[in-house]
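Below: the structure, in structure tokens.
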Amino acid sequence: MSLLYKIGNNPIIAAVRSPEDVQQALDSRVENIFFMGGNVKEIIHAVRLTKESKKGAFVHLDLIRGLSSTDKESVDFISDYVGADGIVTPKSHLIKEAKRAGLYGILHLFVLDSLALRNGLKLAANVQPDAIELMPGVVTKIIQSFADSMPDTPIVASGLIQTREEAAESLHAGATSLSVSDASLWNFTFADLRAAAV
């Protein structure tokens with residue numbers, strides 16, 4: 017299944033940084049969770065709960081204590097023992113490993129300036145990730161550049177999205193969905209955010 021169908025039905029992905037926030041994310045309307053903190057034991061438990069709730073689980077390798085963010089064995093561990101749907105990483109070689117292991121690979125890019133934009137577009141075109149997570153998620157010009165250059169690749173805007181209006185603007189710029197840590201935004205639908213854009 018294309019990742020677009022997995023993440024494209026709901027505008028908001030819960031970005032969970034702490035085990036204490038997992039239950040609130042599970043109780044919300046989000047259909048997918050990005051795990052962006054905690055240790056290996058906590059992630060195994062959180063992903064199990066997430067899958068039991070019929071939600072998608074994606075692990076940000078660089079942010080989980082006890083996992084190497086550079087070794088392909090971490091990808092195999094996520095696939096074989098954690099049971100997540102995919103990984104989020106800025107490392108292109110791990111995107112390839114994710115695909116080999118049967119996981120979705122989301123390329124995380126932090127785009128601060130025009131050089132980072134050019135390099136990010138080139139890297140994404142070479143790696144062909146299942147999706148691209150762009151930070152900061154409120155820079156609509158960057159979102160639009162990636163959406164225009166890679167129209168078949170889902171774009172997840174992430175970082176600094178704090179209001180309904182900012183969420184609506186990021187979606188309007190071409191983001192497929194938004195990864196947000198602010199739980200007050202987790203229950204918004206596309207219809208809610210379209211109303212905010214008017």
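Using this note's numbering, the first residue of the sequence shown is number 17, and each one after it goes up by one. Think of the CB as a built atom: it goes at the ideal place given N, C-alpha and C, for glycine as much as any other residue.
**Q.** Euclidean distance between Cα positions of PHE51 and HIS76
**A.** 6 Å
Q.
In this structure, how does DSSP classify SER174 when only helix, strand and coil are distinguished?
A. strand
Q. Within the chosen definition, does the region 111-130 reach the region 88-103 through at least 3 CB pairs nearer than 8 Å?
A. yes
Q.
Suppose contacts are defined by Cβ-Cβ distances below 9 Å. Is GLY190 in contact with GLN160 by that definition?
A. Against a cut-off of 9 Å, the Cβ pair of GLN160 and GLY190 comes out as a contact.
Q) If you draw a straight line from the alpha carbon of GLY82 to that of THR105, how long is it in whole angstroms? A) Answer to the nearest angstrom: the Cα atoms are 15 Å apart.
Q: From the DSSP output, in three-state form, read off SER84 for me.
A: coil
Q: Answer yes or no: do ALA62 and GLY72 have a C-beta to C-beta separation smaller than 9 Å?
A: Contact: no.
Q. Which runs of the alpha helix (DSSP H) spanning at least 4 residues fall entirely within the region 65-113, listed in chain order?
A. Runs of the alpha helix (DSSP H) inside the region 65-113: 88-93.
(Q) According to DSSP, simplified to helix, strand and coil, what is VAL118? (A) First, the amino acid is wrong: residue 118 is Gly here, not Val. It is coil, neither helix nor strand.
Q. How close, in whole Å, do the beta carbons of PHE162 and LEU139 come, if the pair is a contact with beta carbons under 8 Å?
A. Rounded, the Cβ-Cβ distance is 11 Å, inconsistent with contact.
(Q) Quick check for students: name the residue ranges of the beta strand (DSSP E) that lie wholly in the region 144-173, counting only runs of 3 or more. (A) Entirely contained in the region 144-173, the beta strand (DSSP E) runs reaching 3 residues are, in chain order, 147-151.
Q | Opening and closing residue of the alpha helix (DSSP H) in which SER193 lies | A | First-last for SER193: 193-196, but that is the beta strand (DSSP E), not the alpha helix (DSSP H).
Q | Boundaries (first-last residue) of the alpha helix (DSSP H) holding VAL46 | A | Segment: none, VAL46 is in no alpha helix (DSSP H) and carries neither H nor E.
Q. Rounded to the nearest angstrom, how far is the Cβ of ILE28 from that of VAL196, given a contact under 8 Å?
A. 6 Å
Q: Look at ALA207 and ALA183 and say whether their C-beta atoms are less than 9 Å apart.
A: no
Q: Mark PRO170 as exposed unless 16 or more other C-beta atoms lie within 10 angstroms of its C-beta, in which case mark it buried.
A: buried
Q: Give me the Cα-Cα distance between LEU176 and ALA41, rounded to the nearest whole angstrom.
A: 18 Å
Q.
Using only the alpha-carbon positions, how far apart do GLY181 and PRO152 sit?
A. A small correction: the amino acid at residue 181 is Glu; Gly does not occupy that position in the sequence shown. Taking the straight line from one Cα to the other gives about 15 Å.
Q) Among the residues of its own chain, which have a CB less than 8 Å from the CB of ALA199, if the five just before and after it don't count? A) ALA30, ASP37, GLN40, ALA41 and SER44
**Q.** ALA184 - containing alpha helix (DSSP H), residue span
**A.** 180-188
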